[in-house]
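A.B. asks: FYI, UniProt numbering numbers position 40 of the sequence shown as 40, with every residue one higher than the one before it.
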Amino acid sequence: SLQRNMRELKSWLPRNPMKLDKEALPDLEETDCYTAPFSRARIHHFTINNKDSFFSNSTRSRIVHHMLQRTKYEDGKSKMGINRLLNNGTYEAAFPPHEGSHKSRHPIKTHGAQNHRHLLYERWARWGMWYKYQPLDLIRRYFGEKIGLYFAWLGWYTGMLIPASLVGLFVFLYGLFTMDSSQVSKEICEANETIMCPMCERNCTLQKLNESCIYAKVTHLFDNGGTVFFAIFMAIWATVFLEFWKRRRAVLTYDWDLIDWEDEEEELRPQFEAKYSQVERVNPITGKPEPFQPFPDKLSRLMVSVSGIFFMISLVLTAVFAVVVYRLVAMEQFASFKWYFIKKYWQFATSGTGVCINFMIIMSLNVVYEKVAYLLTDLEHPRTESEWENSFALKMFLFQFVNLNSSIFYIAFFLGRFAGRPGKYNKLFNRWRLEECHPSGCLIDLCLQMGVIMVLKQMWNNFMELGYPLLQNWWSRRKMKRGGQLMEHKISLPQWEKDWNLQPMNLHGLMDEYLEMVLQFGFTTIFVAAFPLAPLLALLNNIIEIRLDAYKFVTQWRRPMPARATDIGIWYGILEGIGVLAVITNAFVIAITSDYIPRFVYAYKYGPCTDQGYRQEKCLKGYVNSSLSVFDLSELGMGYSGYCRYRDYRAPPWSSTPYEFTLQFWHVLAARLAFIIVFEHLVFGIKSFIAYLIPDMPKDLCDRMRREKYLVQEMMYEAELEHLQKERKKNGKQYHHEWP
């Protein structure tokens, strides 16, 4: 009976609920045939059932745009192209219209889709489709290969985040379930007689170590035995993601007939032509004279641009320094706050407000960065639009990457490293005492910084991507109604006028979309050892992101000009660079920021299991006491007596060399350096080996391509032979023994 019920349940459940059925996408049922570049001279070689639908809508739009780009509007060599007319204000906009409304009064299941836009909305852009695969072929047919490739990459990246999220969640849950049994947490929570030295100059008092119990338990969630494993896993994951994306891209470019496609010779930017119209050289490809930028001029402009980049990066570092100063001032104020809760958790209040201020600075500077990057890129005078886009994208990535991660790098590698010791603290400008790490470590500050910035930035980006266009479109419709230009109940506007009321696609095309995801990829990999929940947050955001972008493209934006592309451009190289940087930063986070190495050294060298050759939680018994040094409170001159403890490996005040580093300090330092070297070499070796094992193109695809090339040559030969025989027969010249 149970087996029968299970069979009935399986028969009722869909076999693959994420897959779109063919009934939902009837337009995707097309004849699978071999393709070749179209030529009117060889039109008889192609199977054309319907001339009106032989070319896809996006291809027809590209053909029209190609003609408009090469049509002269006045006499003169440079008086040509729709782009010039847009730049000089002759036309306000030029865009391909949508195929109709994205909504229908009738359900799509009973009446079918009115057009491709309606079909995309129902089967892709609706929130109810969040768990379904994307109809990439339909996206490509409607928006073009370049946008289709972006959504293919975004879907692939989101799918690859699933295993990373599961492993990260497992590491987090492991820390959660072992939190109460952690020897380090137990010792901190039970240390009701251990007095810690004051952590700020004037308003901080002596505290017992067990007051840090909550911080110790929260730190264990992220700093536990699974941290090293997860860091290695994510480094390998990044390599697997990029290598398998190359294979996925190869399949898509084959299916979309992009294998042999080469980007046509780009037109020069009008700004470039206007600037260098007096200096010409012969183009080696076209053989025609064209404006040329002399090398000295190019070098000087590049130097100015690089100087501007360094200036903006220094501005970022100045902003980070300002936040550091705020933290130094705020911790004194929060430590003497009137509210007991704030006074008790003054470190959390300092970190939390510092993160929020830093986030506001980040978002404010992003606006400045975009304008500066635009000016610097224009100053370089790139020759073509693609060169301009690549240069602008690289600047924006550098600016925003430094802007987002500079404060995180400070907390990970500098916070508490140069604070000094009790009685001899280092001060900023001889006024503010440098901030120390919490008794349970600095990792909790790093987790807080990453979590808050990642969540707030994703929420802000989602609002700007959907909420802002919705408000703009609503305001445009409202203005038209006020002006009496729109009476929907009486007048049916043509499609181009409806689209005119929509928002144009971003000025920089897909650059903003890629930039957002690439920065997220950096957050997910670079400091993942400190925040294993980052892949899960990225996965949840991307599930929403795909539908947000789909809804935006289908309903809120004018239809962008379709374009072809064979890859994701400069972004792939940036992703590879992030993957390399992630290995280095995670090695330093584990070795320096976390307490993994000090615990490891204690367990094998100083703990109760020193001579037993194995490591368990009981081997860390006494670790907390070993990691705390002793200071004589009478040396502070504040009326205290007795001794207090602080995080460091220094000799006690009664030793022959008081407050000097102990042998354990040097053992820990050597172990940290050794771990960094071993970790980096091991992970880089594994990454290189995996990249070598995974070919860029599937074997079956290589066979299909060779087979297609052979059959196309055979078919073209046979078709040409048949055509010539028909022509000769038609002209009355039929020779049985003559070639051909």
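Glycine included, each C-beta is placed from N, C-alpha and C at the ideal position.
The structure displayed is predicted, hence computed values, not measured ones.
Rounded to the nearest angstrom, what separates residue 535 and residue 541 at their Cα positions?
C.D. replies: Taking the straight line joining both Cα atoms gives about 10 Å.
A.B. asks: Short of 7 Å in beta carbon distance, which residues of its chain neighbour residue 162, apart from the five on each side in sequence? Order them along the chain.
C.D. replies: Cβ neighbours of residue 162 beyond the five flanking positions: 539.
A.B. asks: By the three-class DSSP mapping on this structure, what secondary structure does residue 447 have?
C.D. replies: The answer is helix: DSSP assigns residue 447 an H, G or I state.
A.B. asks: Just how far apart, CA to CA, sit residue 419 and residue 322?
C.D. replies: Distance between the alpha carbons of residue 419 and residue 322 is about 18 Å.
A.B. asks: Going by DSSP, what residues sit across from residue 425 in a beta bridge?
C.D. replies: Paired residue(s): 420.
A.B. asks: Could you tell me the distance, in whole angstroms, from the CA atom of residue 405 to the CA atom of residue 253?
C.D. replies: Computed Cα separation, rounded: 35 Å.
A.B. asks: Should residue 583 go down as buried or exposed, given a rule of 16 or more other Cβ atoms within 10 Å for buried?
C.D. replies: Burial call: buried.
A.B. asks: Identify the residues that DSSP records as bridge partners of residue 503: which are they?
C.D. replies: According to DSSP, residue 503 bridges with 557.
A.B. asks: Which class does residue 645 belong to by DSSP, given the choice of helix, strand or coil?
C.D. replies: Three-state DSSP puts residue 645 in a strand.
A.B. asks: From residue 381 to residue 276, what distance separates their C-alpha atoms?
C.D. replies: Distance between the alpha carbons of residue 381 and residue 276: 10 Å.
A.B. asks: Is DSSP giving residue 80 helix, strand or coil here?
C.D. replies: Residue 80 falls in the strand class under three-state DSSP.
A.B. asks: Use the C-beta contact count for residue 475: other C-beta atoms within 10 angstroms, 16 or more gives buried, fewer gives exposed.
C.D. replies: With fewer than 16 Cβ atoms within 10 Å of its Cβ, residue 475 is classed as exposed.
A.B. asks: Can you check which of these residues, 392, 353, 313, is closest to residue 331 by C-alpha distance?
C.D. replies: Of the candidates 392, 353, 313, the one whose C-alpha sits nearest the C-alpha of residue 331 is 353.
A.B. asks: When the Cα atoms are used, what is the spatial distance from residue 130 to residue 248?
C.D. replies: About 22 Å.
A.B. asks: Please report how far the alpha carbon of residue 152 lies from the alpha carbon of residue 565, in whole angstroms.
C.D. replies: Whole-angstrom Cα-Cα distance: 12 Å.
A.B. asks: Give the range of the alpha helix (DSSP H) segment to which residue 684 is assigned.
C.D. replies: That run of the alpha helix (DSSP H) goes 663 to 693.
A.B. asks: Between which residues of its own chain and residue 694 is the CB-CB distance below 6 Å, once the five residues before and five after are set aside?
C.D. replies: Cβ neighbours of residue 694 beyond the five flanking positions: 243.
A.B. asks: Candidates 500, 645, 723: which alpha carbon is nearest residue 91's?
C.D. replies: Comparing Cα positions, the closest option is 500.
A.B. asks: Tell me which residues share the same chain as residue 697 and place their Cβ nearer than 6 Å to its Cβ, disregarding the 5 neighbours each side in the sequence.
C.D. replies: Closer than 6 Å at Cβ, skipping near neighbours: 250.
A.B. asks: Beta-carbon separation of residue 145 and residue 258 under 8 Å?
C.D. replies: Yes, these two residues count as a Cβ contact at 8 Å.
A.B. asks: Checking the sheet assignment: what are the DSSP bridge partners for residue 103?
C.D. replies: Looking at the DSSP assignment, residue 103 forms no beta bridge with any residue, so it has no partner.
A.B. asks: Please name the residue, chosen from 164, 128, 371, 494, that lies closest to residue 309 on a Cα-to-Cα basis.
C.D. replies: The shortest Cα separation from residue 309 among 164, 128, 371, 494 belongs to 371.
A.B. asks: Roughly how many whole angstroms lie between the Cα atoms of residue 464 and residue 149?
C.D. replies: Whole-angstrom Cα-Cα distance: 23 Å.
A.B. asks: In three-state terms, what does DSSP make of residue 431?
C.D. replies: Three-state DSSP puts residue 431 in coil, outside helix and strand.
A.B. asks: Only counting the same chain, and skipping five residues up and downstream in sequence, which positions put a Cβ closer than 8 Å to that of residue 71?
C.D. replies: Counting only Cβ-Cβ distances below 8 Å, and skipping sequence neighbours, we find 80, 81, 82.
A.B. asks: Should residue 457 go down as buried or exposed, given a rule of 16 or more other Cβ atoms within 10 Å for buried?
C.D. replies: Residue 457 is buried by the Cβ-count criterion.
A.B. asks: Between the Cα of residue 86 and those of 69, 101, 100, spot the shortest distance and give me the residue it belongs to.
C.D. replies: Of the candidates 69, 101, 100, the one whose C-alpha sits nearest the C-alpha of residue 86 is 69.
A.B. asks: Going by alpha carbons, who is nearest to residue 109 out of 142, 122, 117?
C.D. replies: If we check each option's Cα against that of residue 109, 122 comes out closest.
A.B. asks: Does residue 354 come out as helix, strand or coil in the three-state DSSP assignment?
C.D. replies: Helix at residue 354.
A.B. asks: Whole angstroms are fine: how far does the CA of residue 410 sit from the CA of residue 604?
C.D. replies: Using only the alpha carbons, I get a separation of about 31 Å.
A.B. asks: Could you work out which residue in 290, 174, 642 is closest to residue 633 when comparing CA atoms only?
C.D. replies: Of the listed residues, the one whose Cα sits closest to residue 633 is 642.
A.B. asks: Just the C-alpha distance for residue 379 and residue 512, rounded to the nearest angstrom, thanks.
C.D. replies: The alpha-carbon atoms of residue 379 and residue 512 are separated by roughly 21 Å.
A.B. asks: Near residue 441, what residues of its chain come up, given a Cβ to Cβ distance below 6 Å and the 5 sequence neighbours on each side ignored?
C.D. replies: Excluding positions up to five away in sequence, the list reads 219, 595.
A.B. asks: So for residue 660, helix, strand or coil by DSSP?
C.D. replies: Reduced to three states, the DSSP call for residue 660 is coil.
A.B. asks: Measure the CB-CB distance between residue 171 and residue 241 and report whether it falls below 8 Å.
C.D. replies: No; because the gap between Cβ atoms is not below 8 Å, this pair is not in contact.
A.B. asks: For residue 199, which of helix, strand or coil comes out of DSSP?
C.D. replies: In this structure, residue 199 counts as coil in the three-state DSSP scheme.
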